[in-house]
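Down below is the structure, laid out as structure tokens.
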Amino acid sequence: MDLSTVNGAGESAAPMARRQQFPANRAEVASGIIGDLAARLRPGARLGTKEEMRARCQVSVGTFNEALKISQNRGVVALRPGPGGGVFAAAQSPLVRLGNLFLALDDSETTVLEAVRMRNALDPLLVEDALISSSAADIASMREQLAVMESAVVRSDATAFTRANWHLHARIAGTSPNSILRTVYLGLLDVIEAHTLSVEPPTVQPVAEYIEYRQDLHVRIVDSIEAGDRELALRLIEEHNTERDSDQTL
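For the sequence shown, counting from 1, position 134 maps to 133 in numbering that gives the first Met the number 0; every step adds exactly one.
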């Protein structure tokens, strides 16, 4: 997908206004500071006590604890109690590029890449089945998940957005009457989600801008399924699974 053609001059003013209304979460900012400090040190090196780190981030105790939890979940730092304890740099989790985002994984990089590739290959088959088999209740369920994704967009929460995205694809897959296809696809999603620790910000585009675009694409996919528009649905899923300068897609 060429994002320059999607998010360029044709982008509406509404997403931009929304981004201005929701500034970066202070805990995320503090987590970024912690991550930058940890990245300069070797794994196992001590960053300081929790209070020293909180003072350095210039945030409240509650905000710092949230930031610390985010950093731990991302595998950036580890905590050690007792004398000589504190916050320590952790070995960095492997990163896999997914569209313009990065998945921070456990030690299963190859497994996740293979699962994403297989999932993308099966997407057109699932969309074909959804076009034929989706009930009004199925469409309503998909739109409920789109609302969860939209909430994550408003918060610029790439991790929550990505997980909600996978859950939407699971609901689309759930409409398939092909039990083998359905089981295999859902199993692949389980593998991907089970090995993902967090979703890291993109390097080429603001996270809010990117996930807003992906949100809109998924809305259009569900719209095309509801309308029974096979040509449009397959064109959108091809756009979904093809992105310039990217290894995999959401």
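Beta carbons are placed, not taken as given, at the ideal position from N, Cα and C, and that holds for glycine.
Considering only DSSP beta bridges, list what residue i is partnered with.
| i | result |
| --- | --- |
| residue 195 | 104 |
| residue 88 | 76 |
| residue 47 | 86 |
Buried or exposed: residue i, going by 16 or more other Cβ atoms within 10 Å of its Cβ?
| i | result |
| --- | --- |
| residue 40 | exposed |
| residue 163 | buried |
| residue 100 | buried |
| residue 116 | exposed |
| residue 72 | exposed |
| residue 57 | exposed |
| residue 155 | buried |
| residue 198 | buried |
For residue i, which three-state DSSP category applies?
| i | result |
| --- | --- |
| residue 95 | strand |
| residue 154 | coil |
| residue 249 | coil |
| residue 57 | coil |
| residue 39 | coil |
| residue 62 | helix |
| residue 250 | Given a span of 0 to 249 for the chain in the structure shown, any question on residue 250 remains unanswerable. |
| residue 175 | coil |
| residue 227 | coil |
Between residue i and residue j, how many whole angstroms is the CB-CB distance? I'm expecting something under 8 Å.
| i | j | result |
| --- | --- | --- |
| residue 182 | residue 128 | The Cβ separation is near 13 Å, so there is no contact. |
| residue 123 | residue 236 | 6 Å |
| residue 30 | residue 66 | 4 Å |
| residue 32 | residue 75 | No, residue 32 and residue 75 are not in contact; Cβ-Cβ is about 11 Å, not under 8 Å. |
Open item on the list: Ignoring anything shorter than 3 residues, give me the beta strand (DSSP E) runs that lie fully in the region 100-146, in order along the chain.
Closed with: 100-104
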